[in-house]
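> My questions all concern the structure below.
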Amino acid sequence: MTRDLRTERKGRILAVRDLPTLPNVLEEVTRLVERADSSTEEVAKLISMDQVLSAKVLKMVNSPVYGFSGRISTIQHALVLLGFNVLRSIIVSTSVFEVMTENMVGLWEHSLGCAMACGELARMLDFKDAEEYAVAGLLHDLGKVVATVQLPDLKPEIERVVAERDLYYLEAEREVLGFGHDRINAWLADYWKLPPNIKEGLSYHHKPHLAQLYPEMACVVHVGDFIVRVFEYGFSGDVGVPYLQPEAVKILNLTPAQFEILLDHMCDQYMELVAGQSS
Amino acid sequence: MQKIPLNLAQAGMMLAKAVSRPDGMAVAAAGTELTDTLLERFDAMGVTHVEVDGRPVGLDGAQTSSFCATRLEHLPFLFRKYPNDPWMGQLHRYLAQYFRVKAASCAVLAKTADAAPGPENAATDEDA
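Chains A and S are the protein sequences, given in the same order.
Residue 153 in the numbering used here sits at position 153 of the first sequence, with consecutive numbering throughout.
Take any residue in the second sequence, note its place counting from 1, add 1000, and you have its number in the numbering used here.
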């Protein structure tokens, strides 16, 4: 594929006109957070002014992903418990997944399942700010959603390559678009000013051993993606487990006993979700 | 020797390895014969698995409808791209064994639930 064609497609991906827009309030909130004298109360008040956004954020923070199911009733409480980085990423996810078409529900479930596994793993490993790992899991396939929205003509071609040649979605993206969703994730993270640790989780989840700044974040998302695919919760665009990088297991110091506990926890959670869907 | 979930362990089985609480304290030695009281105590202590002599639990039952049995069935397809990779092969075998044990464990739980009086029966009892 020529460099010109790749550049043209990158341009279409990032065409601001059609990119999911983030709520205006987020800009103001970001400015406020950057001020040294701002308080959590002020930030919460500003977010709460957008009622629709607040409702969506509260719905998300009370989901099983963050481990506070049904216990967070105000934006201020969410801010204190989860921090601004997580809340910002949740706002991005609600805005992006809002543009999802009906046939992308499987991708939403896959992202949610990955977020649950990432949060569980980070908590088990006693990582600080485990919710940030969960949110990176939630956003790890952001690039797939945006590519589908921005380049709708190429989505069927990617799906055809996956089906006919039994390739991974990532491989098919690279062939059809000239780049994968991991690269798109990095562009979007810059564009939406996501925190650097989340950006690294999103852009290195397929090659976590190459992550330079936050290898643990990339490794957690990598393992989370593997787990959700083992349990086949949701649909990420292809069926099969990705290669689990042994380096990722080493970087996380993940022991076989811990891996089994993680499997047990995730098995129970996915079973509950599947049972809830079929009842 | 076979590692089995606690709900598959039964009185009369012999421990092949010592049992420890989650905090590491040993609570029963290898060679101990399991009794119902001992199993209840393990459960209360948070012990989830025990290793017993022989292979007393058949894990190849036909629980084809359970969530874990389905996972077990799908594993060869999920790992189809790594037929000759030793690391992925090892993971595949590990997960197959994990889901085999889990499926057997789920089948026992389901059987126990079936045997327990249902909510309708309980309501009838109360009414009576």
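Beta carbons: idealized from backbone N, C-alpha and C, even for Gly.
Quick one, are the C-beta atoms of K199(A) and A186(A) less than 8 Å apart?
yes
> Counting only C-beta atoms, is R1021(S) closer than 8 Å to chain A at any point?
No, R1021(S) lies away from the interface with chain A (no Cβ there is under 8 Å from its Cβ).
> Check for me: the alpha helix (DSSP H) holding A78(A) runs from which residue to which?
75–98
> Tell me which same chain residues have a C-beta within less than 7 Å of the C-beta of T1048(S), skipping the five on either side of it?
P1005, L1006
> Check whether chain A comes within 8 Å of M1001(S), counting only Cβ atoms and requiring the distance to be less than that.
no
> Output yes if chain S places a C-beta closer than 8 Å to the C-beta of R165(A); else output no.
Not one chain S Cβ lies under 8 Å of R165(A).
> Going by DSSP, name the residue or residues bridged to L1015(S).
V1052(S)
> According to a CB-to-CB cut-off of less than 8 Å, which residues of the stretch 226–250 of chain A neighbour chain S?
R229, V230, F231, E232, V239, G240, V241, Y243, L244, P246
> Measuring only between beta-carbons, confirm whether L254(A) sits less than 8 Å from chain S.
no
> When you compare the CB of C267(A) with every CB in chain S, is at least one pair closer than 8 Å?
Yes, its Cβ sits closer than 8 Å to a Cβ of chain S.
> Out of E28(A), H265(A), V230(A), E247(A), which has the shortest C-alpha to C-alpha gap to E1073(S)?
Minimum Cα distance to E1073(S) is reached at V230(A).
> With DSSP collapsed to three states, give me the class of K193(A).
Here K193(A) carries a coil assignment [DSSP, helix/strand/coil].
> Comparing the C-beta of V274(A) with each C-beta of chain S, is any distance below 8 Å?
It does; some Cβ of chain S falls within 8 Å.
> Expressed to the nearest angstrom, what Euclidean distance is found between the alpha-carbon atoms of S111(A) and L138(A)?
5 Å
> I'd like the list of long-range same chain contacts for Q1063(S), defined as Cβ closer than 6 Å, with 5 residues on each side in sequence excluded.
Note that Q1063(S) scores 46 on pLDDT, short of 50, meaning its location in the model is unreliable and no value can be drawn from it.
> If you draw a straight line from the alpha carbon of L1034(S) to that of A1016(S), how long is it in whole angstroms?
11 Å
> Around the Cβ of G1012(S), are there at least 16 other Cβ atoms within 10 angstroms (buried) or fewer (exposed)?
exposed
> For chain A, check one thing: does any of its Cβ atoms lie closer than 8 Å to the Cβ of M1088(S)?
Judged by the 8 Å Cβ criterion, M1088(S) is in contact with chain A.
> Under 8 Å between C-beta atoms, does L112(A) make it to chain S?
no
> Pop quiz: G178(A) and L170(A) are said to be a contact at Cβ under 8 Å. What is the actual Cβ separation, rounded to whole angstroms?
The Cβ separation is near 13 Å, so there is no contact.
> Note down, in chain order, every chain S residue with its Cβ under 7 Å from the Cβ of M271(A).
F1067
> At the 8 Å Cβ level, is E260(A) part of the contact set with chain S, yes or no?
yes
> Using a Cβ-Cβ cut-off of 8 Å, state whether K1017(S) counts as contacting chain A.
no
> Only counting the same chain, and skipping five residues up and downstream in sequence, which positions put a Cβ closer than 7 Å to that of A248(A)?
P208, H209, C219, H222, V223
> Give the list of continuous alpha helix (DSSP H) stretches no shorter than 4 residues that lie fully inside the stretch 193–278 of chain A.
196–203, 215–230, 246–251, 256–278
> Just the chain S side, please: which residues come within less than 8 Å of L121(A) by C-beta, in chain order?
Those within 8 Å of L121(A) in chain S number zero; the least Cβ separation is about 16 Å.
> For K1003(S), which beta-bridge partners are listed by DSSP?
E1051(S)
> Between which residues of its own chain and Q245(A) is the CB-CB distance below 7 Å, once the five residues before and five after are set aside?
The residues are P208, H209, H222.
> In terms of residues, what are the limits of the alpha helix (DSSP H) holding A1044(S)?
1036–1045
> Residues of chain S with a CB under 7 Å from the CB of L263(A): which are they?
Y1098
> What span of residues does the beta strand (DSSP E) with V1057(S) cover, start to end?
Element bounds for V1057(S): n/a, residue is neither H nor E.
> With DSSP run on the structure shown, which of helix, strand or coil describes A1069(S)?
helix
> Chain A beta carbons: is any one of them nearer than 8 Å to that of R1071(S)?
yes
> So which residues of chain A does R1080(S) contact, with C-beta pairs closer than 7 Å?
G240
> Quick check: is the beta carbon of P1083(S) nearer than 8 Å to any beta carbon in chain A?
no
> Between which two residues does the alpha helix (DSSP H) harbouring V176(A) extend?
169–176
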